[in-house]
Amino acid sequence: MLKRNDLGDEMQESQKIASFSAQENELGADPGANNNILEKLMKGYTKLEIDDALRPFYEHNLQKIVDDVDYGVLAALQGTWVSYNNKATNPTVDRLIGSGVHTTIMPSPGTNSGTIPGKYSFDCQQYIEKLTFDLVPGGVRNRGGANEQFCGAVKYEQSVKSVSTEKESAALKYTPIHEENGMYLWLSDVFNYAATEKTIKEDRGLLPVAETNPNKDLYPDGYPDETLFLVLNDKGVKEYVTLANLNGRHYYAILAAKELKPGAGQTGPYFIPDYSISRSGVIPHGSTITLLGDLAQGDNGFLIKGAPQFPEGNAAWKYDHLAISRTMGGAGASESDPINLDAPPPPWVFETLNHVTDPEENKIYTQRILANPLYPYSVRPDLRLRDTNKGQEITNHVLIQMSSKNKTGAQGGIINVPFVDRFVSTVEMKMNLWIETVKEDGKEFLQLQYEQIIFFEFAFGDSGGTTSWPHIQVNTLRKIEDIPEDQRQIIIDQFYNTGKKDAAAAAAGCPYHKE
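Structure (structure tokens):
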């Protein structure tokens, strides 16, 4: 978990950034005020350690704490983000009509999980997207007894349309394929909330010690608010004593206190969250997700200089990012004997394979993925992000890494409706989210890139093991006011003007056109 270092400020930097982002997105604020947003945000944060001071919570400060909400780097997300297609430097622009790429693998018609293995339907499409973030006012309070947490919540709504060309014309076809909403949380401020006389009386009341209680004299306040220890006294008789009178003696039993004393909880337990960020989402196919994650740390902190780094050539053949999993046979290659994704596909991709040319049946298993018109993005989609960034001046970035299944500690999760659970169980999701500072034409603004990898499990391989199928989405987004006019018009037509009688009124729904 990250902590902020500027607790004395009347208005935290994340709130200032969020306030400006909202104005910029709706009113067209001074572009110069947008400079160094990530640098301003991240300079206020360091890693929280167990020996860092913990703030006490007092009820009379509740409103001040709520108003002092911290959104962390999530504050930079405020506003409407839309697809950005970098046409200036991309050598494959002639066949790129959308900014995003997704790969999807589904069971082949006629199959089921108990019969013929290895039959699947593969699809790789380009898409455009509108992604809106709205900061929830005030800190969201989580109460945990001696621990209180106030989260900065950010709602999101996502709309996605695939882009394809009509068979008999050059016209583009936009088809809605995905809607999603959910919430990001900045899991920030944790306070220690010790018991007070007021909370003790209001929350449960106090039941006096019974007159028949043999230990009533050990409770000077008249309530069982002391922990007692059974010891052997100087006369060799067992009796209960309070902790103050234990004096290191051997004890035989413990009689726990049944009531709190004012100040209970001051000495802990203290809670340091495993992660700084969570994401919950509702997927229209019948899955709900919870991801947990944190900011990646570079050599000099959480603000990383330059652009995100993506591999070239043979180095790009890493199964953690491929649409071909190891359980799918790996296309007959390996990380030590890779396929160069910056070169044309190997000749066997376009051959009719047989048991001589493909004795282990690994190539035919994945042949269509490498033969897809969107190769190499059909194999490793995040290379689309790499190529989009070519020629751009990206001065710094922040990387958020999240997962539903972490190696240790707290876990997220995925819950599916029965149909999905039975036939195409969604078992894991990983996400990389880059927030980048871009300089272009004398202006500085933010760019958003993401890679999402969702793992389905269905069918089995020749050896009987369950097959893991990656479903990957990548895209590059900018604020709607920061994309070229021709691209902006497409977004307005596809996400704001659809199904409305009055196009002028529809355009008014676009934040870029608000007055």
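Read left to right, the sequence shown gives residues 598 to 1112 (the working numbering).
Even for Gly, the Cβ is constructed at its ideal location relative to N, Cα and C.
C-alpha gap between residue i and residue j, whole angstroms
i	j	result
Met968	Leu919	A small fix is needed here, since residue 968 is Ala in this sequence, not Met. Looking at the two C-alpha atoms, the distance is approximately 15 Å.
Arg801	Leu784	29 Å
Leu971	Ile1077	26 Å
Ala884	Lys915	A small correction: the amino acid at residue 884 is Ser; Ala does not occupy that position in the sequence shown. Between Ser884 and Lys915, the C-alpha separation is close to 28 Å.
Leu996	Gln906	11 Å
Ala626	Ala1007	Reliability of the predicted coordinates at Ala626 is poor, the pLDDT of 48 falling under 50, and no value is obtained from them.
Ala1103	Asn1094	Confidence is the limiting factor: at Ala1103 the pLDDT is only 41, short of 50, which leaves the residue's position unreliable, though a coordinate-based value still follows. Distance between the alpha carbons of Ala1103 and Asn1094: 5 Å.
Asp648	Ile869	11 Å
Ser586	Thr1073	The first residue shown for the chain is 598 and the last is 1112, placing residue 586 beyond what the model contains.
Asp939	Pro908	10 Å
Asn1003	Glu777	23 Å
Glu1025	Ile634	33 Å
Val1021	Ile1051	12 Å
Val733	Gly779	12 Å
Asn1029	Leu651	31 Å
Pro943	Ile936	8 Å
Leu982	Ile694	14 Å
Thr712	Phe1092	42 Å
Phe788	Lys798	22 Å
Glu765	Gln1084	24 Å
Ala841	Lys661	38 Å
Ala1056	Ser718	12 Å
Glu745	Gly862	12 Å
Glu808	Asp818	13 Å
Thr887	Asp814	52 Å
Tyr771	Ile1087	10 Å
Lys727	His775	11 Å
Val834	Phe826	13 Å
Glu932	Ile966	18 Å
Trp1031	Gly878	19 Å
Val760	Asp1090	14 Å
Thr963	Arg601	48 Å
His882	Phe899	35 Å
Met598	Ile725	33 Å
Proximity to residue i [Cα-Cα], best of the options
i	options	result
Ile1069	Asp1083, Ile1032 and Lys1027	Lys1027
Thr701	Thr1095, Gln1091 and Val1071	Val1071
Ile586	Gly910, Asn993, Lys600 and Gln1049	There is no way to answer for residue 586, as the model of the chain reaches only from 598 to 1112.
Thr729	Asp822, Ala913, Trp678 and Tyr717	Trp678
Asn683	Ala1056, Ser1065, Gln1049 and Val1035	Val1035
Tyr642	Pro956, Asp955, Asp891 and Asn937	Asp891
Ile961	Glu1082, Ile921, Glu990 and Phe747	Ile921
Gly741	Glu808, Phe654 and Thr762	Phe654
Lys987	Ala904, Ala792 and Ile1032	Ala904
Gln998	Gly707, Leu889 and Glu932	Leu889
Val737	Leu825, Ala650 and Val663	Val663
Lys1040	Asn632, Leu599 and Asn602	Asn632
Asp984	Gln746, Lys661, Val953 and Val698	Val698
Gly1009	Thr1063, Ala912, Val946 and Tyr872	Tyr872
Pro859	Ser877, Ser875 and Glu823	Glu823
Tyr1047	Leu825, Phe1055 and Leu980	Leu980
Phe1053	Glu646, Met703 and Lys644	Met703
Phe564	Thr864, Glu1082 and Tyr790	Past the boundaries of the shown model lies residue 564; the chain is included only from 598 to 1112, so the question cannot be answered.
Identity of the residues DSSP links to residue i by a beta bridge
i	result
Val995	Ile1032
Tyr724	Gly697 and Ser759
Lys600	Thr643
Ser680	Leu1074
Gln1046	Trp1031 and Thr1073
Ser884	Ile880 and Asn1013
Phe1053	Thr1023 and Trp1066
Phe730	Gly676 and Tyr753
Thr954	In the DSSP output, where bridge partners are listed per residue, Thr954 has none listed.
Ala768	The partner list for Ala768 (beta bridge, DSSP) is empty, contrary to what the question assumes.
Gly742	Answer is none; Gly742 lacks a bridge partner.
Minimum Cβ-Cβ distance from residue i to chain C less than 8 Å
i	result
Trp1066	The chain inventory of the structure shown lacks chain C, comprising one protein chain alone.
Cβ distance (whole Å) where residue i is taken to contact residue j below 8 Å
i	j	result
Val1017	Thr1023	6 Å
Tyr816	Val806	5 Å
Ala743	Leu782	The Cβ separation is near 21 Å, so there is no contact.
Ser710	Thr924	Not quite, the Cβ-Cβ distance comes to about 14 Å (not below 8 Å), so this is no contact.
Gln1044	Arg1019	About 40 Å separates the two Cβ atoms, so there is no contact after all.
Pro821	Lys795	Actually they are not in contact, since the Cβ atoms of Pro821 and Lys795 sit about 20 Å apart, beyond 8 Å.
Asn812	Tyr837	5 Å
Ile1080	Glu1033	Their Cβ separation, rounded to whole angstroms, is 15 Å, which puts Ile1080 and Glu1033 out of contact at 8 Å.
Ala792	Leu857	4 Å
The ligand GTP heavy atom lying under 7 Å from the CB of residue i
i	result
Val760	Summarising the ligand content, the structure contains no ligands, and the ligand GTP is consequently not present.
Item to check | the segment 920-933 in contact with the segment 965-976 per 3-pair CB rule at 8 Å | outcome: These segments touch.
Next on the checklist: Would the segment 750-759 count as touching the segment 843-854 if we require 3 or more Cβ pairs under 8 Å?
Outcome noted: no
Checklist entry - Using 8 Å as the threshold, is the segment 638-651 in touch with the segment 662-681, meaning 3 or more CB pairs across them? => result Contact holds: three or more Cβ-Cβ distances are below 8 Å.
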